[in-house]
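Just below is one structure, and these are the notes that go with it.
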Amino acid sequence: MVSKVSKLAGLSSIEVAVIKDCIDNVKGSISELQDSLNEMGQLSGSDVAFRVASVKTWVSAALTDETTCTDGLSAKNVNNAMVKNTISEYILNLAQLTSNALALINGLKY
């Protein structure tokens, strides 16, 4: 979704830069969530606490990446309301899902 918005005609150079930053942040978030998922499949043995801590770190970092994207939209001069609203809505949904995942992970008993 974010990459589709970046291809719209008439965007300012600032808007294009903000969108590219968001794309990079979302890619980072996806990578961290994938790392978390992979680590969750390895939860056994004496190092479970370490692995769960790693998962929490990666999911928290993913949430930070998502927040950084919306912060960039607010901090920079993004005047195109459609761009701002579309990306903000997408990132908000992603951040809510990531936050839910973090809450579930924080509730793990091991």
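Each step along the sequence shown adds one to the number in our numbering, with nothing skipped, and position 11 is 11. Note that beta-carbon positions come from the ideal geometry of N, C-alpha and C, so glycine has one too.
Helix, strand or coil at residue i according to DSSP, with G and I counted as helix
i: residue 72; result: helix
i: residue 78; result: coil
i: residue 20; result: helix
i: residue 28; result: helix
i: residue 84; result: helix
i: residue 104; result: helix
i: residue 41; result: coil
i: residue 56; result: helix
i: residue 46; result: helix
i: residue 11; result: coil
i: residue 110; result: coil
Own chain partners of residue i with C-beta closer than 6 Å, once the 5 adjacent residues on each side are dropped
i: residue 21; result: 72
i: residue 91; result: 66, 69, 70
Minimum C-alpha distance to residue i - residue among the options
i: residue 94; options: 78, 13, 12, 25; result: 25
i: residue 89; options: 31, 105, 66; result: 66
i: residue 19; options: 34, 109, 82, 104; result: 82
i: residue 117; options: 13, 11, 62, 45; result: The requested residue 117 does not occur in the structure, where the chain is confined to residues 1 to 110.
i: residue 17; options: 86, 27, 78, 53; result: 78
Residue i classed as buried or exposed, judged by whether at least 16 other C-beta atoms fall within 10 angstroms
i: residue 48; result: exposed
i: residue 30; result: exposed
i: residue 14; result: exposed
Residues near residue i by beta carbon distance below 8 Å, same chain, minus five either side
i: residue 59; result: 32, 33, 36, 98, 101, 102, 105
i: residue 56; result: 102, 105, 106
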